[in-house]
Amino acid sequence: MSGAYEGLRSGQVAKAAGVNPQTLRYYERRGLIAEPERSLGGHRLYPAETVTVLRVIKTAQRLGFTLEEVADLLETSRHRHGHTDHGLRERAWVKLIEVEERIADLKVIRDTLREAIDAGCDDLITCVGQPHCPLPFTELARRDRQEPSP
């Protein structure tokens with residue numbers, strides 16, 4: 046490496062990307078970002094595009110992608126060599142379906158919690174024994190009382 050290499054130090058990259066320096070090093074260890082050059086004094090010197098990669102990683106995480114999925118997307122992107130890859134589009138569709146399913150689950154949870162509040166459920170054990178208990182385990186509890194113990 047030449048001593049004339051210009052790059053951004055860890056703190057500069059972290060600040061510009063809105064992450065902390067430990068996150069930067071963690072992503073480096075995970076292979077999400079390339080290992081940087083070093084200055085003559087041993088400081089990490091990252092290319093400016095590292096900030097963009099970090100922003101992409103954080104955005105993908107906010108969209109629900111795991112770090113493993115992000116690593117795969119980045120790897121696919123690095124090896125395209127001009128070929129069209131529909132990996133992101135297909136993965137985005139799969140992630141969208143997962144998100145829609147989670148939203149549906151969360152709506153059920155929200156509605157059930159509202160019903161529990163409206164029914165005055167203050168104690169799970171007491172509530173489960175009441176016919177007005179809206180919580181999903183009510184049917185299981187009734188079935189348990191009817192079945193003989195082994």
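The opening position of the sequence shown corresponds to residue 46 in my numbering, with each subsequent residue numbered one higher.
Ideal Cβ positions, reconstructed from N, Cα and C, are used throughout, including at glycine.
As the structure is a computational prediction, the values presented were derived from the model and not from experiment.
Quiz item: Just curious, the alpha helix (DSSP H) that ALA93 is in, first and last residue?
Solution: Taking the first residue of the sequence shown as 1, we reach residue 93 at position 48. Element bounds for ALA93: n/a, residue is neither H nor E.
Quiz item: Pick from TYR71, LEU77, ALA79, SER84: whose alpha carbon is nearest that of GLY52?
Solution: As a position in the sequence shown, residue 52 is number 7, starting the count at 1. Checked all of TYR71, LEU77, ALA79, SER84; the closest Cα to GLY52 is SER84.
Practice problem: Mark VAL115 as exposed unless 16 or more other C-beta atoms lie within 10 angstroms of its C-beta, in which case mark it buried. | Solution: Position 70 of the sequence shown, counted from the first residue, corresponds to residue 115. Answer is buried; the Cβ neighbour count reaches 16.
Quiz item: Do you know whose CA, among ASP156, GLN67, TRP138, lies nearest LEU108's CA?
Solution: Here residue 108 refers to the residue found at position 63 when the sequence shown is read from its first residue. Residue TRP138 is the option with its Cα nearest to LEU108.
Quiz item: Between HIS177, ARG74, VAL101, which lies nearest to THR157 when the distance is taken from Cα to Cα?
Solution: Along the sequence shown, read from residue 1 onward, the residue named residue 157 stands at position 112. Selection HIS177, ARG74, VAL101 evaluated against THR157 yields HIS177 as nearest (Cα-Cα).
Quiz item: Helix, strand or coil for GLU80 per DSSP?
Solution: Working through the sequence shown from its first residue, we reach residue 80 at position 35. Correct three-state label for GLU80: coil.
Quiz prompt | Cβ pair count under 8 Å reaching 3, the region 51 to 67 against the region 80 to 100 | solution = With a cut-off of 8 Å on Cβ pairs, the region 51 to 67 is in contact with the region 80 to 100, counting three or more such pairs.
Quiz item: Which residues in the same chain have their Cβ closer than 6 Å to the Cβ of LYS140, if we skip the five residues on either side of it in sequence?
Solution: Against the sequence shown, residue 140 aligns to sequence position 95. Contacts found: GLY109.
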